[in-house]
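Residue numbers (numbering that gives the first Met the number 0): 0 to 285. Glycine is no exception: its CB is placed at the ideal position from the N, C-alpha and C atoms. Presented below is the structure to which this report refers.
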Amino acid sequence: MTEREILLSEKDISEPLEELEISLLENDVAFDAANEIIEQMKTQLIGQKRKIRTSSEEFVTEALRNALLNVLGEGFSLTDYIDTHEKPVKVLFTGVNGAGKTTTIAKVAHYLKKNGYSVVIGSGDTFRAGANEQMKTHAERVGVKVISHQEGADPSAVLFDAVSYAKAHNIDVVLADTAGRFHNRTNLMNQLDKIRRVINPDIVAYVDEAVAGNDAVIRSEEFNNTVGTDVVVLTKADMDTKGGAAISITYTIKKPVMFLGVGQGYDDVIPFEPQKLVDELLGDDE
């Protein structure tokens, strides 16, 4: 006997959708992103058939899962990219002051070394006092070569030398640091654009804090519009169990999250898994 089906109307789904939108906002998803996700779901759901034994809430929740996975995409595997592209693969890290770029680069270098890749770091933050020493300390601890110039040097020249070193020594990956800059400082953003043109990176990774809320969304959009972004790295993700930043940023700039920083140690960087985030958000994680 065929199970009966009913057509979903706007009345059937309005209350569950409203509750889901509130849930997204409570999980720090940006308002525009949450609203658009709900509107897309409404369009998809009205007129759909559901089996009589399936509640509207269950049907809507499954639609939300699919919508979130659609927004988040498949993530981005750096190791897969390295394996399928010409060496050295050049990764340029951008972001604002204090987002954790330098520490993130050390963590990514450690991650790549553990996975069998050779790495050189370009210390392109020539603006901040003590930045070279900080990067050298990190690089020494993870056993990676760092290329640096004196404080105040042209960062484009530093990173050009790092790429040249990698080519001469058959290094797999160049991780290029840059000075933290605010998205509303035009001269600094233009300098970043020059760096990009000089070293022609394969991947531009935007770094920000998962706990920065809507500020991170605004900044990510500005950086993407000014210098371009290929992937996102979110630091302090261990302090943002809700995952709102990942959803908001990927929705806004349509670029995948590559890594999450989840602690202070060099091992505390993990590839982003969209399915895991959605399971946790919807309470399905085991």
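If you measure between the beta carbons of residue i and residue j, is that distance less than 7 Å?
i      : j      : result
Val197 : Ser155 : yes
Leu280 : Ile269 : no
Val226 : Asp192 : yes
Ile202 : Asp171 : no
Leu91  : Pro15  : no
Gly243 : Asp31  : no
Thr78  : Asn114 : yes
Ile246 : Ser219 : no
Ala211 : Arg127 : no
When you compare only the Cα positions, how much space is there between residue i and residue j?
i      : j      : result
Gln263 : Met238 : 12 Å
Glu9   : Glu18  : 14 Å
Val70  : Lys89  : 27 Å
Ser76  : Val143 : 21 Å
Glu61  : His168 : 51 Å
Leu174 : Asn34  : 37 Å
Gln149 : Thr103 : 22 Å
Thr249 : Pro273 : 11 Å
Asp11  : Ile37  : 14 Å
Asn224 : Asn186 : 15 Å
Arg184 : Val277 : 35 Å
Ala204 : Phe222 : 10 Å
Asn189 : Arg180 : 11 Å
Ile21  : Ser163 : 51 Å
Leu158 : Thr83  : 23 Å
Glu25  : Arg64  : 17 Å
Met0   : Gly282 : With a pLDDT of 44 at Met0, under the threshold of 50, the predicted position of this residue should be treated as unreliable, though the coordinate-derived value follows. If you take the alpha carbons of Met0 and Gly282, they lie about 34 Å apart.
Gly74  : Asp153 : 33 Å
Excluding the 5 residues flanking residue i on each side, which residues of the same chain have their C-beta closer than 8 Å to its C-beta?
i      : result
Lys48  : Glu4, Ile5, Leu6 and Leu7
Gly72  : Thr249, Pro255 and Pro273
Tyr116 : Thr78, Ile81, Asp171 and Val172
Leu68  : Pro273, Gln274 and Val277
Ile286 : The requested residue 286 does not occur in the structure, where the chain is confined to residues 0 to 285.
Thr101 : Asp124, Ala130, Gln133, Met134, His137 and Asp176
What does a CB cutoff of less than 7 Å around residue i pick up in its chain, not counting 5 residues either side in sequence?
i      : result
Gly151 : Thr125
Ser13  : none
Val141 : Ala105, Ala108, His109, Lys112 and Tyr265
Gln43  : Ala62
Ala165 : Pro87, Val119 and Val173
Glu56  : Pro15
So if DSSP puts residue i in a beta bridge, which residue, or which two residues, is it bridged to?
i      : result
Pro270 : Phe258
Leu44  : Answer is none; Leu44 lacks a bridge partner.
Ala178 : Answer by DSSP bridge pairing: none, since Ala178 is not bridged.
Thr234 : Glu208
Thr93  : Tyr205
Ile120 : Val145 and Leu174
Val88  : Val172
Which same chain residues end up closer than 6 Å to residue i when comparing Cβ atoms and leaving out the 5 residues on each side of it in sequence?
i      : result
Glu208 : Ala98, Thr234 and Lys235
Ala138 : Ile120 and Val145
Lys86  : Asp171
Met40  : Ala62 and Ala66
Asp267 : Val261
Ala29  : Asn213, Val216 and Ser247
Asn96  : Gly179
Leu23  : Ala33
Lys241 : Asn26 and Asp27
What whole-angstrom Cβ distance do residue i and residue j have, given they're in contact under 8 Å?
i      : j      : result
Gly123 : Ile194 : 7 Å
Met134 : Asp176 : 6 Å
Gly94  : Val206 : 4 Å
Val261 : Phe271 : Contact doesn't hold; Cβ gap of about 11 Å is too wide.
Taking 6 Å as the line, does the beta carbon of residue i fall inside it for any heavy atom of the ligand FAD?
i      : result
Ala245 : The ligand FAD is absent from the structure shown, which contains no ligand whatsoever.
Of all the CB atoms in chain B, is at least one closer than 7 Å to the CB of residue i?
i      : result
Asn213 : Within the model displayed, chain B is absent; a lone protein chain is all it includes.
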